[in-house]
Amino acid sequence: MKKRLACLTLALIMSASQVVSVSASREEELRQEQAWTSQQLNATYARINELWSQKQQLESEIAVLDENLVNVMVSIETLENDISNKEVEIIKTKQELSKAVRARDKQYEAMKLRIQYLFEKGGNDAWFQMMLNAEDLSDLLTRAEYTQQLYTQDRESLETYENLVGEVQDLETKYEQEKAELEGMKQEYEAESANLQYEIDVRRSASASAESEIAYAQEMATQYANLIVQQQAEIERLAAERIAAEEEARRQAEAAAAAAAQAAAEEEANQAAAEQTAGTAAEYSEDTSSGENYYGTTDSSSSSSVSYNTSSTGSGAGSSVVDYATQFVGNPYVWGGTSLTNGADCSGFVQSVYANFGVSLPRTSYEQQNAGTEVSYADAQPGDLICYGGHVAIYMGNGQIVHASNSTDGIKISNDATYRTILSVRRLV
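Using mature numbering (1 follows the signal peptide of the UniProt record, and there is no 0), the letters of the sequence shown map in sequence onto residues -19 to -1, 1 to 410.
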């Protein structure tokens, strides 16, 4: 009998252990997957920062190139004005050259006519006629000097006009050369402008590509973040199932052990009763007045129970518990933690709060569902435990609870205690 009970107990423990092992294995796989997702999220954020730096660098280079392009365009516009002015000067110079040529030709023709008249009319006798017509030597010399002055003046005028024509031609050539230089500079600036515009277009294209990649990376980061939240929720669910399975395995093991102990006690009691009956058989007597037989008997019984210390050495008032618990709102949620400042999960938070008032509670939310005294939610008072599936909170009154919610919200106050199905309300103080 004892051997069969021991085997049954061992089988129950092994079965529960297998369930816990499978749950823990999947939980560990999820944690590894979550770690990988976190790495990808961090890498994506790093890539976003890198792309932003590249985009800012490109925008800075574009700004410099734009400024240079503006300067080049201003230079081109200035050169165009200079070329236009130079063309006006060339046209003006051409007009002056035409005038100078006409004046030169006119002077030349006039000089030819005077020379021609002098020689054609006078010929070789011109000087002879001048001498004959002269009144005296002084008049002759005067006439000769006048003729020489006239010739010299004509010659000087002709040279002056020739020089003027040359100067105007040189000026025209100079203007043409300056115009050519200006046009060459304009071509160089136009080539530089085209090159700057090309560089700007290349960088704008790269900036647009970086912006598109940033948008894609941000989308991926959002997906990774959402996946981490989903993985965390699944981990918490599996952890709750694992804790429940461990609790169930413990309960079954305790029940099996209690059943085995009770069976052993009953077997020992039966064996003792049989030995006592055999030992007192010789002392059998019959009471003729009552007609009743008496035998020695043995009665045995066993019971097992689990109790929690719910007495408070402090004030014990539920409002005091609430006041104390709300001091830690905003502190982090840490799965498996019991620190009110550095982080706790739901049951660790409740356990640590009540420990301050001398109330000893079990560790898990499933165990805490059996602590204290059951009351209805309608009769709930501040300080009561509100128990959900895999979660526990402290009731504040007016439908509010304070609890270690999750890794995102941490320890917080919720305004609707019935946001989940309430499995039990337990009064501890």
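For glycine and all other residues, C-beta sits at the position ideal for the given N, C-alpha and C.
Review point. What are the start and end residues of the alpha helix (DSSP H) that includes residue 346?
Key: In the sequence shown, counting from the first residue as 1, residue 346 sits at position 365. From DSSP, the alpha helix (DSSP H) with residue 346 extends over 346 to 349.
**Study point:** Distance between residue 178 and residue 84 (C-alpha atoms, nearest Å)
**Key:** The count along the sequence shown starts at 1 and reaches residue 84 at position 103. The count along the sequence shown starts at 1 and reaches residue 178 at position 197. Taking the straight line from one Cα to the other gives about 54 Å.
Practice item. Could you name the residues of the same chain whose beta carbon sits closer than 8 Å to that of residue 64, not counting the 5 residues immediately before and after it, in chain order? Key: The residue you call residue 64 lines up with position 83 of the sequence shown. Excluding residues within five positions, the ones whose Cβ falls inside 8 Å are 160, 163, 164 and 167.
Practice item. Could you name the residues of the same chain whose beta carbon sits closer than 7 Å to that of residue 57, not counting the 5 residues immediately before and after it, in chain order? Key: Numbered from its first residue, the sequence shown carries residue 57 at position 76. Same-chain partners within the cutoff: 167, 170, 171 and 174.
Point to revise | Proximity winner among 321, 314 and 12, relative to residue 212 (alpha-carbon distances) | key: On the sequence shown, position 231 is the one that residue 212 refers to. The residue with the shortest Cα to Cα distance from residue 212 is 12.
**Study point:** The beta strand (DSSP E) enclosing residue 428, as first and last residue numbers
**Key:** Any property of residue 428 remains undetermined from this structure, which presents the chain solely from -19 to 410.
Point to revise | Within 8 Å, strictly: CB atoms of residue 314 and residue 386 | key: For the purposes of this step, residue 314 is taken as the residue at position 333 of the sequence shown. For the purposes of this step, residue 386 is taken as the residue at position 405 of the sequence shown. Yes, they are a contact pair.
Review point. Leaving out five residues before and five after residue 318 in sequence, what residues of the same chain have Cβ atoms less than 7 Å from its Cβ?
Key: Counting from one through the sequence shown, the residue named residue 318 turns up at place 337. Answer for residue 318: 324, 325, 326 and 329, listed in chain order.
Point to revise | residue 72 burial status per 10 Å Cβ neighbour count (16 or more: buried) | key: On the sequence shown, residue 72 is found 91 positions in, with the first residue counted as 1. By the 10 Å Cβ count, residue 72 comes out exposed.
**Study point:** Under the three-state DSSP convention, the category residue 405 falls into
**Key:** Indexing the sequence shown from 1 puts residue 405 at position 424. It is a strand residue.
Review point. What does DSSP give as the partner residues of residue 369 in its beta bridges?
Key: Locating residue 369 in the sequence shown gives position 388, where the first residue counts as 1. According to DSSP, residue 369 bridges with 372.
Review point. Is DSSP giving residue 30 helix, strand or coil here?
Key: Indexing the sequence shown from 1 puts residue 30 at position 49. Helix.
Practice item. List the endpoints of the continuous beta strand (DSSP E) containing residue 386. Key: Stepping through the sequence shown from its first residue, residue 386 is reached at position 405. Looking at the DSSP string, the run of the beta strand (DSSP E) that includes residue 386 is 381 to 387.
Check your understanding: In whole angstroms, what separates the C-alpha of residue 206 from that of residue 19?
Key -> If you number the sequence shown from 1, residue 206 lands on position 225. If you number the sequence shown from 1, residue 19 lands on position 38. Roughly 8 Å between the two C-alpha positions.
**Study point:** Endpoints, alpha helix (DSSP H) assigned at residue 299
**Key:** Looking up residue 299 in the sequence shown gives position 318. Its alpha helix (DSSP H) spans residues 299 to 306.
Point to revise | Beta-carbon spacing of residue 36, residue 157 below 8 Å | key: Against the sequence shown, residue 36 aligns to sequence position 55. Against the sequence shown, residue 157 aligns to sequence position 176. Contact: no.
Exercise for review: Over the uninterrupted alpha helix (DSSP H) stretch that includes residue 329, give me the two end residues.
Suggested key: Mapped onto the sequence shown, residue 329 falls at position 348. Looking at the DSSP string, the run of the alpha helix (DSSP H) that includes residue 329 is 327 to 336.
Check your understanding: Shortest alpha-carbon distance to residue 373 belongs to which of 379, 351 and 359?
Key -> As a first step, residue 373 must be located in the sequence shown, where it is residue number 392. Ranking the options by Cα distance to residue 373, first place goes to 351.
Review point. With respect to the beta strand (DSSP E) encompassing residue 395, which residues constitute its N-terminal and C-terminal limits?
Key: In the sequence shown, counting from the first residue as 1, residue 395 sits at position 414. It spans 391 to 395 - the beta strand (DSSP E) in which residue 395 sits, taken as one unbroken run.
Practice item. Have a look at residue 75 and residue 46 and give me their C-alpha separation to the nearest angstrom. Key: Counting from one through the sequence shown, the residue named residue 75 turns up at place 94. Counting from one through the sequence shown, the residue named residue 46 turns up at place 65. So the alpha carbons of these two residues sit roughly 42 Å apart.
Point to revise | Residues sharing a beta bridge with residue 324, DSSP | key: Counting from 1 along the sequence shown, the entry for residue 324 is found at position 343. Under DSSP, residue 324 takes part in a beta bridge, and its partners are 320.
**Study point:** 8 Å Cβ cutoff met for residue 331 and residue 382
**Key:** Walking along the sequence shown from the start, residue 331 turns up at place 350. Walking along the sequence shown from the start, residue 382 turns up at place 401. No, the Cβ-Cβ distance between residue 331 and residue 382 is not below 8 Å.
**Study point:** Beta-bridge partners of residue 314, as assigned by DSSP
**Key:** Counted from its first residue, the sequence shown places residue 314 at position 333. Residue 314 pairs with 325.
Exercise for review: For residue 22, collect the residues of the same chain with a Cβ closer than 8 Å to its Cβ; drop the 5 residues on either side in sequence, then sort them by chain order.
Suggested key: Residue 22 sits at position 41 when you count from the first residue of the sequence shown. Counting only Cβ-Cβ distances below 8 Å, and skipping sequence neighbours, we find 202, 205, 206 and 209.
**Study point:** Candidates 365, 410, 402 and 309: closest to residue 371 by CA position
**Key:** Here the question's residue 371 lines up with position 390 in the sequence shown. Among 365, 410, 402 and 309, the Cα nearest to that of residue 371 belongs to 402.
Check your understanding: With respect to the beta strand (DSSP E) encompassing residue 354, which residues constitute its N-terminal and C-terminal limits?
Key -> In the sequence shown, residue 354 corresponds to position 373, counting from 1. Residue 354 -> beta strand (DSSP E) spans 354 to 356.
Check your understanding: Does the distance from the C-beta atom of residue 356 to that of residue 410 stay below 8 Å?
Key -> For the purposes of this step, residue 356 is taken as the residue at position 375 of the sequence shown. For the purposes of this step, residue 410 is taken as the residue at position 429 of the sequence shown. Cβ distance not < 8 Å, so residue 356 and residue 410 don't count as in contact.
Review point. Are the CB atoms of residue 187 and residue 39 nearer to each other than 8 Å?
Key: Walking along the sequence shown from the start, residue 187 turns up at place 206. Walking along the sequence shown from the start, residue 39 turns up at place 58. In this structure, residue 39 lies closer than 8 Å to residue 187 by Cβ.
**Study point:** Buried or exposed (CB count within 10 angstroms, at least 16 for buried), residue 87
**Key:** As a first step, residue 87 must be located in the sequence shown, where it is residue number 106. Residue 87 should be labelled exposed.
Check your understanding: Buried or exposed: residue 41, going by 16 or more other Cβ atoms within 10 Å of its Cβ?
Key -> For the purposes of this step, residue 41 is taken as the residue at position 60 of the sequence shown. Within 10 angstroms of the beta-carbon of residue 41 lie fewer than 16 other beta-carbons, which makes it exposed.
Point to revise | Residue closest to residue 8, alpha-carbon to alpha-carbon, out of 335, 220, 33 and 200 | key: Counting from one through the sequence shown, the residue named residue 8 turns up at place 27. Ranking 335, 220, 33 and 200 by Cα distance to residue 8 puts 220 first.
Point to revise | Nearest neighbour of residue 334, chosen from 155, 309 and 32 [CA to CA] | key: Here the question's residue 334 lines up with position 353 in the sequence shown. Answer by Cα proximity: 309.
**Study point:** Backbone secondary structure at residue 341 - three-state DSSP
**Key:** In the sequence shown, residue 341 corresponds to position 360, counting from 1. Coil, per DSSP.
Check your understanding: Near residue 349, which residues of its chain fall below 8 Å by C-beta distance, leaving aside the five closest residues on each side in sequence?
Key -> On the sequence shown, position 368 is the one that residue 349 refers to. 328, 331, 332, 342, 343, 366, 368, 373 and 407.
Point to revise | Cut-off 6 Å between Cβ atoms - residues of its own chain near residue 184, not counting five sequence neighbours on either side | key: One-based indexing of the sequence shown puts residue 184 at position 203. Once the five neighbours on either side are set aside, the close Cβ partners of residue 184 are 39, 42 and 43.
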